[in-house]
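Undergrad: Residues 301 to 389 in the numbering used here are what the sequence shown spells out, letter by letter.
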Amino acid sequence: MACGKRGEAGRWLRQNEGNLASAPVSTRGAKYDWACIQAQQAAEKAVKSLLHAAGHWKILTNSLYELLQESPTWPVSRLEKVYLDSRQK
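(1) Please report the Cβ distance between alanine 309 and alanine 343, rounded to the nearest whole angstrom; I am assuming they are in contact, meaning their Cβ atoms lie under 8 angstroms.
(2) Quick one: Cα of valine 325 to Cα of leucine 364, how far?
(3) Alpha carbon to alpha carbon, how far is lysine 348 from leucine 360? Give it in angstroms, no decimals.
(4) Measure the C-alpha to C-alpha separation of lysine 345 and tryptophan 312 and round it to an integer number of angstroms.
(5) Taking the C-alpha atoms as reference points, what is the distance between leucine 367 and glycine 329?
(6) My assumption, with CB atoms under 8 angstroms, is that serine 371 sits in contact with leucine 351. Please give the rounded CB distance.
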């Protein structure tokens, strides 16, 4: 993977983490509509991070459905392996 793609994937992942951390705060403040938007944005940015890590550069949609259609399966299988390995410890 080229360094630029890794950097772009990391940038999207950091943005994802900010949205994901903010959603529960919004929920505690009874801002449920805003929490839903933050959760959707977190999911979108996580998938975009995955796509950049897989080598995609030009990502033109904000639709989670369309983004997931473009997502490669190899990172998911790698993620599942890491998850399952961590459960064994």
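In this text, a Cβ means the ideal position worked out from N, Cα and C, and glycines have one as well.
Keep in mind the model is a prediction, meaning the values are calculated, not measured.
TA: Straight from the coordinates:
(1) About 15 angstroms separates the two Cβ atoms, so there is no contact after all.
(2) 23 angstroms
(3) Looking at the two C-alpha atoms, the distance is approximately 10 angstroms.
(4) 6 angstroms
(5) Straight across, the Cα-Cα distance linking leucine 367 with glycine 329 is about 30 angstroms.
(6) Serine 371 to leucine 351, Cβ: 6 angstroms. Contact.
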